[in-house]
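Engineer: Protein chains in written order, with our numbering: chain Z, 215 to 496; chain L, 215 to 496; chain V, 215 to 496; chain D, 215 to 496. We put the beta carbon where it would ideally sit given N, CA and C, even for glycine. Starting off with a structure, shown below.
4 protein chains.
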Amino acid sequence: MQTTDFKTVAEKYKVIFFDAFGVLKNSEGLLPGIEHTFNWLQETGKEFYVLTNDASRGPHELAESYYKQGFYAIQPERIISSGMLAREYLDLKVHNGTVAYLGTEKSAHYLETTGLKTLPISQVDLKDVADINALVLLDDEGFDWNTDLTKTVNLLRKRNIPVIVANTDTTYPVSKTRIAIAIGAVAKMIETIVGKQFIRFGKPDAQLFMFAYERLKDVNNISKRDILMVGDTLRTDILGGNKFGLDTVLVLTGNTQPQDAEVLIRSTGIIPTYICKSVIIR
Amino acid sequence: MQTTDFKTVAEKYKVIFFDAFGVLKNSEGLLPGIEHTFNWLQETGKEFYVLTNDASRGPHELAESYYKQGFYAIQPERIISSGMLAREYLDLKVHNGTVAYLGTEKSAHYLETTGLKTLPISQVDLKDVADINALVLLDDEGFDWNTDLTKTVNLLRKRNIPVIVANTDTTYPVSKTRIAIAIGAVAKMIETIVGKQFIRFGKPDAQLFMFAYERLKDVNNISKRDILMVGDTLRTDILGGNKFGLDTVLVLTGNTQPQDAEVLIRSTGIIPTYICKSVIIR
Amino acid sequence: MQTTDFKTVAEKYKVIFFDAFGVLKNSEGLLPGIEHTFNWLQETGKEFYVLTNDASRGPHELAESYYKQGFYAIQPERIISSGMLAREYLDLKVHNGTVAYLGTEKSAHYLETTGLKTLPISQVDLKDVADINALVLLDDEGFDWNTDLTKTVNLLRKRNIPVIVANTDTTYPVSKTRIAIAIGAVAKMIETIVGKQFIRFGKPDAQLFMFAYERLKDVNNISKRDILMVGDTLRTDILGGNKFGLDTVLVLTGNTQPQDAEVLIRSTGIIPTYICKSVIIR
Amino acid sequence: MQTTDFKTVAEKYKVIFFDAFGVLKNSEGLLPGIEHTFNWLQETGKEFYVLTNDASRGPHELAESYYKQGFYAIQPERIISSGMLAREYLDLKVHNGTVAYLGTEKSAHYLETTGLKTLPISQVDLKDVADINALVLLDDEGFDWNTDLTKTVNLLRKRNIPVIVANTDTTYPVSKTRIAIAIGAVAKMIETIVGKQFIRFGKPDAQLFMFAYERLKDVNNISKRDILMVGDTLRTDILGGNKFGLDTVLVLTGNTQPQDAEVLIRSTGIIPTYICKSVIIR
Chain Z
215 MQTTDFKTVA EKYKVIFFDA FGVLKNSEGL LPGIEHTFNW LQETGKEFYV LTNDASRGPH
275 ELAESYYKQG FYAIQPERII SSGMLAREYL DLKVHNGTVA YLGTEKSAHY LETTGLKTLP
335 ISQVDLKDVA DINALVLLDD EGFDWNTDLT KTVNLLRKRN IPVIVANTDT TYPVSKTRIA
395 IAIGAVAKMI ETIVGKQFIR FGKPDAQLFM FAYERLKDVN NISKRDILMV GDTLRTDILG
455 GNKFGLDTVL VLTGNTQPQD AEVLIRSTGI IPTYICKSVI IR
Chain L
215 MQTTDFKTVA EKYKVIFFDA FGVLKNSEGL LPGIEHTFNW LQETGKEFYV LTNDASRGPH
275 ELAESYYKQG FYAIQPERII SSGMLAREYL DLKVHNGTVA YLGTEKSAHY LETTGLKTLP
335 ISQVDLKDVA DINALVLLDD EGFDWNTDLT KTVNLLRKRN IPVIVANTDT TYPVSKTRIA
395 IAIGAVAKMI ETIVGKQFIR FGKPDAQLFM FAYERLKDVN NISKRDILMV GDTLRTDILG
455 GNKFGLDTVL VLTGNTQPQD AEVLIRSTGI IPTYICKSVI IR
Chain V
215 MQTTDFKTVA EKYKVIFFDA FGVLKNSEGL LPGIEHTFNW LQETGKEFYV LTNDASRGPH
275 ELAESYYKQG FYAIQPERII SSGMLAREYL DLKVHNGTVA YLGTEKSAHY LETTGLKTLP
335 ISQVDLKDVA DINALVLLDD EGFDWNTDLT KTVNLLRKRN IPVIVANTDT TYPVSKTRIA
395 IAIGAVAKMI ETIVGKQFIR FGKPDAQLFM FAYERLKDVN NISKRDILMV GDTLRTDILG
455 GNKFGLDTVL VLTGNTQPQD AEVLIRSTGI IPTYICKSVI IR
Chain D
215 MQTTDFKTVA EKYKVIFFDA FGVLKNSEGL LPGIEHTFNW LQETGKEFYV LTNDASRGPH
275 ELAESYYKQG FYAIQPERII SSGMLAREYL DLKVHNGTVA YLGTEKSAHY LETTGLKTLP
335 ISQVDLKDVA DINALVLLDD EGFDWNTDLT KTVNLLRKRN IPVIVANTDT TYPVSKTRIA
395 IAIGAVAKMI ETIVGKQFIR FGKPDAQLFM FAYERLKDVN NISKRDILMV GDTLRTDILG
455 GNKFGLDTVL VLTGNTQPQD AEVLIRSTGI IPTYICKSVI IR
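In structure tokens:
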């Protein structure tokens with residue numbers, strides 16, 4: 215398998231879209247040396263956006279998590295999250311009533327600003343659900359899985375309401391060797407049980423890419439040919455980038471192990487334009 | 215939709231296979247009058263078996279749950295459960311080591327008699343898993359869903375071992391209007407996450423029917439034409455009975471509501487030989 | 215089920231997106247009176263686009279098919295087809311070599327203008343495939359199903375190339391009572407056989423809506439709140455419109471029969487903003 | 215990966231179940247030296263059965279295909295095919311009328327002996343289908359894929375009848391490097407389109423194993439511990455054998471290439487008891 219130096223690849227593009235987890239950071243924190251990459255982007259005048267399947271917090275909180283580690287390159291307006299799509303959906307399509315949710319209070323807080331009342335599933339009274347007009351699946355934390363997932367199933371048998379899945383990932387790494395079950399997998403289980411069609415936001419879906427692309431069009435004369443998508447996961451970052459018409463880089467610092475990359479590309483048929491060891495520029 | 219009286223149907227057969235939940239009992243206990251049906255079976259010399267997707271207890275404990283309600287017609291040897299298939303699998307295919315499980319201690323107790331050591335997932339040490347040679351998903355109770363399901367996923371990333379799902383149901387009723395998520399739905403979620411093929415026991419699979427059929431052959435000269443399968447669920451009882459070559463009765467006292475039966479039969483293409491309101495004989 | 219008059223609904227919006235088949239026309243031709251609707255749109259200064267899962271021809275040929283029936287309201291620039299997305303993909307992502315295809319010559323002709331050579335699967339020589347850099351599934355006509363689908367499977371075992379499905383529909387009506395199998399269903403079968411991930415264009419995917427939305431932004435100050443999506447199919451038109459953030463109308467002149475609409479909305483959880491009998495204005 | 219000599223393995227068992235294609239023969243005919251294996255079985259008094267997902271012919275015709283190659287060890291009564299299960303189903307469950315089928319005349323001929331009239335889909339008149347009481351999918355040959363599959367879909371929209379899939383394989387090899395699409399894949403496509411539940415016969419389903427097992431019980435005192443299942447395909451032969459409680463051998467002369475075996479066993483979680491290069495005894 216031939217890998218290319220990230221700088222050599224990135225030089226050919228005006229804009230870089232980065233996935234966050236597995237590309238800029240991992241379960242142990244920021245990738246060492248990541249600041250050099252962003253310094254170089256600034257020096258060479260390249261635009262960038264971070265596209266993340268994360269609905270656990272709003273863009274300001276997400277940016278703060280970088281600041282706390284002494285990394286100031288990624289401002290809130292550079293972050294496009296699947297949570298923002300969920301929020302736009304509620305803003306456009308749900309005009310009143312209560313939005314029930316699975317996730318932490320923090321994740322719901324970001325949705326609240328749309329003017330709708332939010333209510334954790336744990337506080338839903340199944341005898342009084344007439345006011346609940348949407349359900350959002352935000353995060354795998356903040357609720358009791360057994361009690362609250364069962365309650366969710368029963369809510370959806372009583373109310374025919376839109377269900378928004380704000381993070382399509384099925385797992386995420388919690389250490390070098392262990393993973394946790396993400397809300398996307400839980401959502402799929404409930405969708406199968408109730409037999410309804412949920413609304414999913416997040417890569418590989420085009421809408422997340424479009425959100426970033428539209429921001430670019432306000433300020434620049436940029437075509438899709440000028441944009442490079444960088445990610446560590448074939449089924450989300452690379453498939454989504456390819457489908458949107460972008461050139462893509464698979465990095466080997468996250469979900470895709472160096473020894474598995476070639477087999478996975480062959481077996482899935484998801485083909486990145488380039489493979490780079492990491493985004494670190496030395 | 216035309217329904218037939220259960221007695222009129224049952225008179226034509228020598229052996230009746232009954233599903234348990236939704237047919238003999240529901241979330242509120244035994245169906246009132248069920249003893250008349252079993253008295254009639256005894257008087258007319260008909261054989262019967264109870265075929266149940268239940269791995270929460272062994273046949274003796276299942277029979278006891280009927281005794282406790284003053285109903286003595288169903289002895290342990292009349293009960294064929296998916297847990298018995300899981301036990302046979304372990305007996306034939308896993309010769310040593312430890313069997314990890316999701317479920318209550320009671321459910322595991324029944325497996326233990328095979329001579330293997332059993333260990334709840336909660337007590338598994340992920341750093342010391344070399345001795346674990348199988349995983350069995352028994353019941354939706356007896357474990358913490360978040361912690362222990364995540365642990366299960368990580369166990370299956372470390373050990374390539376057979377995974378047995380001893381109950382294929384995805385939900386079960388807990389009251390007239392509410393349902394709970396069963397271990398079959400949880401199993402499907404984990405199977406999708408780890409990408410492996412689990413081994414499922416329970417209706418509609420032929421093996422449960424075969425288990426009952428073999429008992430009959432020891433004592434009688436019975437053909438499949440002499441057996442009637444009675445159930446409340448199209449996708450398990452009726453599909454399984456049909457496929458095994460049996461005539462089938464759909465009863466309307468459980469999963470399938472009278473007002474939905476016709477639409478469901480048409481939309482699924484699963485066609486019972488007869489529809490009866492219930493198995494109660496008056 | 216409450217239906218609303220289409221004019222009453224449409225008056226509230228500045229732009230209307232129409233599905234074609236089942237909304238403007240059916241297997242017997244244009245819906246009688248459809249010209250009144252488009253006259254009214256013109257008089258009231260409303261913009262419109264036709265969004266169609268059709269890769270059998272380019273927009274000019276699609277517009278001509280309306281002209282031939284004496285209906286001149288829909289010019290080529292008003293038509294957004296899934297074929298246009300396939301063409302954009304090839305233009306951006308496949309830079310040289312040959313594109314193999316399943317479909318008619320006419321459907322491939324539209325792709326050819328991107329500068330790539332196109333070759334029907336029937337003419338592919340499986341011993342000489344090194345030059346084939348993409349495969350596009352365009353239409354269910356123009357090839358022998360047995361021979362050419364088998365050849366397609368073998369091509370994909372030899373070459374790890376992107377596969378584009380330019381029409382996601384699984385069936386289409388050919389008369390009042392009969393349907394035919396569309397290329398989307400065939401694509402799913404081949405995808406399952408080869409175990410690879412194909413790239414799908416067409417409703418409900420956001421990219422088709424985005425294509426239309428971008429055209430609007432060049433000329434107007436339009437927000438998603440000003441746009442109404444009209445379709446006859448819950449899983450494509452309504453799900454896609456809802457997810458994109460648009461208000462939606464389900465019409466009962468195509469895939470969704472009046473007697474089934476309520477049950478389908480309840481069972482799928484796909485909820486249109488309005489239900490109208492048809493788009494015809496009287 | 216450690217392989218074991220087949221004779222060393224087989225010596226431990228009283229009965230051997232063989233898959234046919236990829237184990238005894240391949241696209242070029244019988245495996246050279248296969249007669250030595252069957253001579254040894256005879257000398258050592260071992261019973262054997264051939265379990266095959268084949269509904270293209272009855273057991274006599276299948277045995278004849280071995281005779282024609284000068285191999286006389288496999289008599290008709292030694293062959294258990296998925297076609298036999300389809301035939302038993304029709305015999306037990308469909309009492310009158312016509313059985314429509316997809317497949318060759320030869321494949322249907324075997325079903326005909328059940329007393330039902332059979333009719334190829336090509337000859338079905340969609341205006342006169344009241345007499346059609348079942349549909350059987352037998353073989354990928356003998357019909358026009360486009361015309362007759364579309365006709366099949368329309369038949370199933372008009373008649374709510376059981377659909378039997380008599381071969382669950384999705385592909386089969388036609389030469390050393392090429393495969394063809396089998397009726398199992400076509401069945402899955404139609405099942406998805408019409409949204410109904412088909413009845414599938416063939417490995418890995420327990421019913422094929424049970425058919426062979428029952429024959430053994432008539433003549434011997436055999437337990438599942440005495441039986442070895444030999445196959446070339448993890449998802450059918452090995453999964454099915456394991457689930458039925460048998461020890462299993464994966465051979466590398468068919469679907470599973472020597473270089474892929476270990477990866478496939480790890481990724482699918484389907485674990486054979488042994489791996490042998492082939493069943494040939496030297």
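Starting from residue 262 of chain V and walking both ways along the beta strand (DSSP E), at which residues does that stretch end?
Structural biologist: 261 to 266
Engineer: Please name the residue or residues paired with residue 235 of chain L in a DSSP beta bridge.
Structural biologist: Residue pairing for residue 235 of chain L: DSSP places it in a beta bridge opposite L/239.
Engineer: Return the bridge partner residues of residue 244 of chain D from the DSSP annotation.
Structural biologist: D/239
Engineer: Does the ligand SAH have even one heavy atom less than 7 Å from the beta-carbon of residue 284 of chain Z?
Structural biologist: Questions concerning the ligand SAH fall outside what the structure shown contains, since it holds no ligand whatsoever.
Engineer: Report yes or no: is there a C-beta of chain V within less than 8 Å of the C-beta of residue 393 of chain D?
Structural biologist: Contact of residue 393 of chain D with chain V is assigned, a C-beta pair being separated by under 8 Å.
Engineer: Looking only at its chain, what residues have a beta carbon closer than 8 Å to the beta carbon of residue 359 of chain L, apart from the 5 residues adjacent to it on each side?
Structural biologist: 400
Engineer: Can you name the residues of chain L whose CB is closer than 8 Å to the CB of residue 402 of chain Z?
Structural biologist: 403 and 406
Engineer: Report the rounded CA-to-CA distance for residue 280 of chain V versus residue 288 of chain V, giving the unit in angstroms.
Structural biologist: So the two alpha carbons sit approximately 7 Å from each other.
Engineer: With a CB to CB cut of under 7 Å and the five nearest residues on each side skipped, what residues in its chain are close to residue 237 of chain Z?
Structural biologist: Sequence-distant partners of residue 237 of chain Z (beyond 5 residues in either direction) whose C-beta falls short of 7 Å from its own C-beta, in its chain, are 444, 445, 446, 465, 467, 468 and 493.
Engineer: Does the separation of the CB atoms of residue 352 of chain V and residue 394 of chain V fall below 8 Å?
Structural biologist: Contact annotation: residue 352 of chain V and residue 394 of chain V have beta-carbon atoms that are not nearer than 8 Å.
Engineer: Just the Cα atoms here: how many angstroms apart are residue 398 of chain V and residue 450 of chain Z?
Structural biologist: 22 Å
Engineer: For the alpha helix (DSSP H) that residue 331 of chain Z lies in, which residues bound it at each end?
Structural biologist: Note, residue 331 of chain Z: premise wrong, no alpha helix (DSSP H); beta strand (DSSP E) at 331 to 334.
Engineer: Helix, strand or coil: how does DSSP classify residue 474 of chain V here?
Structural biologist: coil
Engineer: Closer than 7 Å by beta-carbon distance: list the chain L residues that pair up with residue 421 of chain D, in chain order.
Structural biologist: Within chain L, the residues near residue 421 of chain D are 420.
Engineer: Could you pull out every residue in the same chain whose Cβ sits closer than 6 Å to the Cβ of residue 270 of chain V, ignoring the five residues on either side in sequence?
Structural biologist: 321 and 353
Engineer: Going along the chain, which residues of the segment 473 to 488 of chain L sit with their C-beta nearer than 9 Å to a C-beta in chain A?
Structural biologist: The structure shown contains no chain A; its protein chains are Z, L, V and D.
Engineer: Sort Z/366, Z/462, Z/389 and Z/376 by Cα distance to residue 218 of chain Z and report the nearest one.
Structural biologist: Looking at the Cα atoms, Z/462 is the closest of the given residues.
Engineer: In the structure shown, what three-state DSSP assignment does residue 215 of chain D receive?
Structural biologist: Residue 215 of chain D: coil per DSSP, three-state reduction.
Engineer: Using Cβ-Cβ distances below 7 Å, what residues of the segment 345 to 363 of chain V are close to chain D?
Structural biologist: So the close ones are 359, 360 and 363.
Engineer: Can you tell me the Cα-Cα spacing of residue 163 of chain Z and residue 278 of chain Z, whole angstroms?
Structural biologist: The structure shown has nothing for residue 163 of chain Z, since chain Z only spans 215 to 496.
Engineer: Can you grab the Cα-Cα spacing for the pair residue 448 of chain V / residue 474 of chain V, in whole Å?
Structural biologist: Spanning the two alpha carbons is a distance of roughly 12 Å.
Engineer: Give me the Cβ distance between residue 375 of chain L and residue 348 of chain L, rounded to the nearest whole Å; I'm assuming they're in contact under 8 Å.
Structural biologist: 5 Å
Engineer: According to the neighbour-count rule (16 or more other Cβ atoms, all chains shown, within 10 Å of its Cβ), is residue 421 of chain D buried or exposed?
Structural biologist: buried
Engineer: Per the contact definition of three or more C-beta pairs closer than 8 Å, is the segment 253 to 270 of chain Z in contact with the segment 295 to 307 of chain Z?
Structural biologist: They touch, by the three-pair rule.
Engineer: Strictly below 8 Å CB to CB, what residues from chain L border residue 399 of chain Z?
Structural biologist: 403, 406 and 407
Engineer: State the CB to CB distance for the pair residue 293 of chain Z and residue 276 of chain Z, rounded to an integer number of angstroms; the pair is presumed to be in contact (CB under 8 Å).
Structural biologist: At roughly 5 Å, the Cβ-Cβ gap stays under 8 Å, so residue 293 of chain Z and residue 276 of chain Z are in contact.
Engineer: Closest to residue 423 of chain D by CA distance: which of D/438, D/284, D/411 and D/410 is it?
Structural biologist: D/438
Engineer: Grab me the residues of residue 369 of chain Z's own chain with a C-beta within less than 8 Å of its C-beta, minus the 5 sequence neighbours each way, in chain order.
Structural biologist: 314, 335, 338, 340, 343, 346 and 349
Engineer: Can you tell me where the alpha helix (DSSP H) holding residue 306 of chain Z begins and where it ends?
Structural biologist: For residue 306 of chain Z, the enclosing alpha helix (DSSP H) stretches over residues 296 to 307.
Engineer: Taking C-alpha atoms, which residue in D/426, D/308 and D/491 lies nearest to residue 459 of chain L?
Structural biologist: Selected option, being the one with the closest Cα: D/308.
Engineer: For residue 470 of chain D, does the count of other Cβ atoms within 10 angstroms reach 16, so buried, or fall short, so exposed?
Structural biologist: With 16 or more Cβ atoms within 10 Å of its Cβ, residue 470 of chain D is classed as buried.
Engineer: Should residue 215 of chain L go down as buried or exposed, given a rule of 16 or more other Cβ atoms within 10 Å for buried?
Structural biologist: exposed
Engineer: Of all Cβ atoms in chain Z, is any one closer than 8 Å to the Cβ of residue 457 of chain V?
Structural biologist: yes
Engineer: Mark residue 256 of chain L as exposed unless 16 or more other C-beta atoms lie within 10 angstroms of its C-beta, in which case mark it buried.
Structural biologist: When all chains shown are included, residue 256 of chain L counts as exposed.
Engineer: Does residue 324 of chain Z pass the burial test, meaning 16 or more other C-beta atoms within 10 Å, or should it be called exposed?
Structural biologist: The Cβ neighbour count for residue 324 of chain Z, taken over all protein chains shown within 10 Å, is at least 16; the residue is labelled buried.
Engineer: From the DSSP output, in three-state form, read off residue 399 of chain L for me.
Structural biologist: helix
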